[in-house]
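Reading the sequence shown from the start, the letters are residues -25 to -1, 1 to 774 in mature numbering (1 follows the signal peptide of the UniProt record, and there is no 0).
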Amino acid sequence: MHKKRLLYTILALCHLVLFTTNTFSQNRVDAEYKATDKVGLTLSGGGAKGIAYIGLLKKIDSLGIRVSFITGTSMGGIIGGLYAAGYSGKQLEDIVRHIDWDRVLSNTTPLSKVNIEEKSEYGSYLLELPLKKGMPTFPDAAIEGQYLSQILNDFTFPVRDFNDFSKLSIPLRIATSDLVNGGTIFQQHGSLPLAIRATMSIPGVFSNVTIDGRLLVDGGVDRNYPVGEVRRMGANFVIGGYTGFHLLNAEQMNSPFSQLMQAFSFGSLSDIKTQIANTDLLVDYTDLLQNYSAADFNKYKEILRIGEIAADKYLPKLKQVADAQKAMNMPVIRPSLPISTAITVKYNFVTDKNEPIEDNNELEQLQQNWVLQPGKAYSSDEISAAVEKIYGSRRYTKVYYTFNTTAEGLEMNIHVKQAAKGYFKAAVHYDTEQSAGIVLNYTLYDLLLKSSRLLATVDATERLKVRVDYYKFLTKSNKVWIRANTEYRNLKSNDVLLSLLSTSDLNTSPPDYFNFDFKSSLSLGYSLSHSALVEAGLGYDAEKVYKSKSLASAILGLTPKNTIYRHNNKIFYVRLVQNTFSSKYYPVKGNSFEAEFRFFFNNRSKFTKSSDSGAISINQYLNPNSNLYTPNGLPGNVSRILFKDEVAIPINRHLTIRTSAFAGVITSSNFGAASGGYFYLNNYFKLGGVEQLLTSPTINFPGLKQSELPVRSLSVLNIAAQFSPVKRFYVTPTFSYGAEGNGYNVTANLFNRKSNFKGYGLHLGYMSIIGPVDLAVDKAEVYNIRFPLRTYLSFGYKF
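Shown next as structure tokens:
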């Protein structure tokens, strides 16, 4: 009995102690969190590390904490700005997971977004520098941020008519820095996406932004953690998200950029200490994110997870804030994105500095290419497509839009930043067939004539190549143009017949034969759509085959005594081209289609006897009157028609199936498509090669060197499984099957073993900083002849 009383007494004392402790604790909490009716949220800058804030926002949402004001800088401005607009923490997480961060952090755009007349040049160079007074100069910033502006416009589209940030779901202010006069400028009205874009304009990395006549950059230059401003907005309790900052040591300051950033950081670091002291509940990510940099956007999954961990760590304190608000009977307001139904009543074209466009010709061109009509409702996707059409012309380095509300209604301002009048471009390349080279290009706009474009390209290598194109656009919409083209190529010949006739052995190196090709043409083109064109033209072609071991003569092609074949002709051609591939190299979706008719006339040729060991056989191959051809003699006028279609079908994010089909035939006015008749060398289809950008009439075929097998009538099917285990790396097993046709019947011998071709191999590819790197191991069997196993290595952007 006494034991029971003693036990009850102990329990009562424990209960009293616990009650007293809890009461004291509750009183302390009430004192600390009493004034929480106006909670302010401040999120610091931090680049990729700022993605961690989403974990905090998700906890705020789940607890029902009512946030009354938000301020943010840089990444904190992006996350905070979208949260203020009405996105929930979970929605922001979904956004982060689906953004193409590689594209955000580059100046690239999918090939499918580039206008058809620009596709052949886009993405072909390692270096592109704007010209000023004819000299190459560095661009204003590493990244213009076209895609970044586009996605910010898309995500803020539902609140496009909210020009006063205090009217958003949560009143907002975003910190930016005045690059000219210094000091922090808080954005609280105008275009929300433009304000967000300004706050993350890291000097030298992202291009700056002009708002209200001020040149603005990342707010972190002056105020990386703007707690004071959220206090001035009316917050009596501040929850802060802070990703940390530290000065670099001497070893870490190993680049001009790191030293520059260090110099800018001293003032900001002193300010941060003041702002932290003014924070009631600081959610500090510094330690958890110490192994991550501001550029680690590709590690967003890990940072999201860390954000959740950090939020859990502060959950008890966040819950106290929620409990204090509930004790005040404050209603819980969940994030909700308002959906504006405002319709644009007027479109204005202005510069990126929001100034009127003074060139009437340019203004008229923009208006003609803008497909949206005032007074009609459009989705953000439709507006983005219209923006991409103008940006795809490559006459502008940035195209974006803002809205402003007037007495007449909602107006859209389309801002364009004009590209330089010229560019210097360069690339390096190497392959095991044609040696190494440096590609140099000058692109000049409006040279001699308005609405024109000159492209002059030289491949400075042992295998010299030169190409000059001059476009004159005839309409304001740039849909119609005249193109003058001249090309010169001097390449080592891979013609298998020259090899066999010289050595009779595929494993023995033949004498060095070279192909000289010169082409010039004048054509009229019409852009059928963003991704398709039709072109017709007249031209002149000249070719010759010569033998030489002299490097100088190989480059210049000046070896008349060793030239064994000459031919030139005039040409009329019509071609239809369509291209929706996602990228020039390793496309994961889209297709490319080409149909072409060429008529070769006014042919002139000359044949000189060769003096090498295979002279007799080679002379027979090149001579139309030899006993190799039945009927004998020249073909007269020649017609060639071809169809080529390539398709990339994505199976999942790692696997793409790529297929292609080719069919073509050549005929002559003297003997039609007879299989035994003679044709000039430039009439033939050329089978062979594993390069990704071979142009007709060369057809890819594994196991054969580029343009190795001349064929007059054929059909070819290719299939490849492009597997990407990690980003930028590709493993592609490939198989090709085809056959020489019987005259006009291009598929006649597909199942005739004596006339068909088979090729297969494994290709390894990597999209490196200097361009695509490809290693191919292939084997082919043609006309029952088994070619040796071949290895091909290539890197860099080709001519």
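All residues carry an ideal CB built from backbone N, CA and C; glycine is no exception.
All of these numbers come straight from a predicted model, not from anything done at the bench.
From Ser359, Gln553, Ser410, Ala648, residue whose alpha carbon lies closest to that of Leu466 | The alpha carbon of Leu466 has as its nearest neighbour, out of Ser359, Gln553, Ser410, Ala648, the alpha carbon of Ser410.
Answer yes or no: do Ile616 and Phe575 have a C-beta to C-beta separation smaller than 7 angstroms?
-> No, these two residues do not count as a Cβ contact at 7 angstroms.
Secondary structure of Arg72, DSSP reduced to three states = Three-state DSSP puts Arg72 in a helix.
Given that a residue counts as buried once 16 or more other Cβ atoms are within 10 Å of its Cβ, and exposed if not, what is Lys321?
-> It is exposed - the Cβ of Lys321 has fewer than 16 other Cβ atoms within 10 Å.
Straight-line gap, Arg765 to Pro672 (C-alpha atoms, nearest Å) = Each residue's Cα considered, the two are about 22 angstroms apart.
Counting only runs of 4+ residues fully inside the stretch 436 to 505, write out the alpha helix (DSSP H) ranges in chain order.
-> DSSP runs (the alpha helix (DSSP H)) wholly in the stretch 436 to 505: 471 to 478.
Quick one: is Asn90 buried, meaning 16 or more other Cβ sit within 10 Å of its Cβ, or exposed?
-> With 16 or more other Cβ atoms within 10 Å, it is buried.
Best match in Asp406, Asp434, Leu424 for proximity to Tyr417 [C-alpha to C-alpha] | It is Asp434.
Endpoints, beta strand (DSSP E) assigned at Lys581 | 565 to 582 is the span of the beta strand (DSSP E), which, as asked, contains Lys581.
Is it the case that the Cβ atoms of His542 and Ser580 are separated by a distance below 7 angstroms?
-> Taking 7 angstroms as the Cβ cut-off, His542 and Ser580 qualify as a contacting pair.
Would you call the stretch 426 to 445 and the stretch 103 to 115 in contact, with 3 or more CB pairs under 8 angstroms?
-> Fewer than three beta-carbon pairs drawn from the stretch 426 to 445 and the stretch 103 to 115 are found closer than 8 angstroms, and the two stretches are therefore not classed as touching.
Give the single residue among Lys276, Tyr655, Ser43 whose Cα lies nearest to the Cα of Thr642.
-> The residue with the shortest Cα to Cα distance from Thr642 is Tyr655.
Rounded to whole angstroms, how far is the Cβ of Ala714 from the Cβ of Ser682, which I believe are closer than 8 angstroms?
-> The pair is not a contact, with the Cβ atoms about 18 angstroms apart (cut-off 8 angstroms).
What does a CB cutoff of less than 8 angstroms around Gln348 pick up in its chain, not counting 5 residues either side in sequence?
-> Answer for Gln348: no residue qualifies.
Is Gln343 near Ser452, with beta carbons less than 7 angstroms apart?
-> Yes.
If you follow the beta strand (DSSP E) that Gln162 is part of, which residue opens it and which one closes it?
-> DSSP places Gln162 inside the beta strand (DSSP E), whose first and last residues are 159 to 162.
When DSSP builds the beta bridges, which residues end up paired with Val701?
-> Answer is none; Val701 lacks a bridge partner.
Who pairs with Leu18 in a beta bridge, going by DSSP?
-> DSSP lists Gly47, Gly216 as partners of Leu18.
Considering Gly209, what are the terminal residues of the alpha helix (DSSP H) in which it resides?
-> The continuous stretches of alpha helix (DSSP H) do not include Gly209, and DSSP gives it neither H nor E.
With DSSP run on the structure shown, which of helix, strand or coil describes Gly397?
-> Three-state result, Gly397: strand.
According to the Cβ coordinates, are Gly25 and Met50 closer than 7 angstroms?
-> Against a cut-off of 7 angstroms, the Cβ pair of Met50 and Gly25 comes out as a contact.
Say the cut is 6 angstroms; is the CB of Ser699 nearer than that to a heavy atom of the ligand GDP?
-> Looking for the ligand GDP in the displayed structure turns up nothing, as the structure carries no ligands at all.
Could you spell out where the beta strand (DSSP E) holding Tyr28 opens and where it closes?
-> DSSP places Tyr28 in no beta strand (DSSP E) but in the uninterrupted alpha helix (DSSP H) bounded by 28 to 38.
Contact between the stretch 185 to 192 and the stretch 375 to 389: three or more CB pairs below 8 angstroms?
-> No: fewer than three Cβ pairs fall under 8 angstroms.
CA-to-CA distance, Ser468 to Phe489, given in whole angstroms | Those two C-alpha atoms are separated by around 5 angstroms.
Would DSSP call Gly652 helix, strand or coil?
-> In the structure shown, the three-state DSSP call for Gly652 is coil.
Candidates Glu408, Asn602, Val325, Asn727: which alpha carbon is nearest Lys392's?
-> Distance check between Lys392 and each of Glu408, Asn602, Val325, Asn727 places Val325 closest, using alpha-carbon atoms only.
Per DSSP, Asn543 forms a beta bridge with which residues?
-> Checking the DSSP bridge columns, you'll see Asn543 partnered with Ala517, Arg579.
With a Cβ-Cβ cutoff of 7 angstroms, do Tyr521 and Pro599 count as a contact?
-> When the beta-carbon positions are compared, Tyr521 and Pro599 stay at least 7 angstroms from each other.
Since Met387 sits in a beta bridge, which residues does DSSP pair it with?
-> Per DSSP, Tyr322, Phe378.
Backbone CA spacing between Leu257 and Phe181 [nearest angstrom] | Phe181 has its alpha-carbon roughly 29 angstroms from the corresponding atom of Leu257.
Just the C-alpha distance for Thr83 and Ala382, rounded to the nearest angstrom, thanks.
-> Taking the straight line joining both Cα atoms gives about 39 angstroms.
Those runs of the beta strand (DSSP E) which lie wholly inside the stretch 684 to 752 and span at least 3 residues = For secondary structure counted as the beta strand (DSSP E) over 3 or more consecutive residues, the stretch 684 to 752 holds these complete runs in sequence order: 684 to 686, 688 to 698, 704 to 715, 731 to 743.
Nearest to Thr372 by CA position, among Lys274, Ala270, Leu104, is which residue?
-> Nearest C-alpha to Thr372 among Lys274, Ala270, Leu104: Leu104.
Jot down the residue ranges of each uninterrupted alpha helix (DSSP H) in the stretch 272 to 329, minimum 4 residues, whole runs only, in chain order.
-> Counting only runs of 4 or more, we get 275 to 288, 290 to 302.
Simplified DSSP state of Leu526, which is helix, strand or coil | Confidence at Leu526 is low in this model, with a pLDDT of 47, below 50, so the placement of that residue is unreliable and no value is reported for it.
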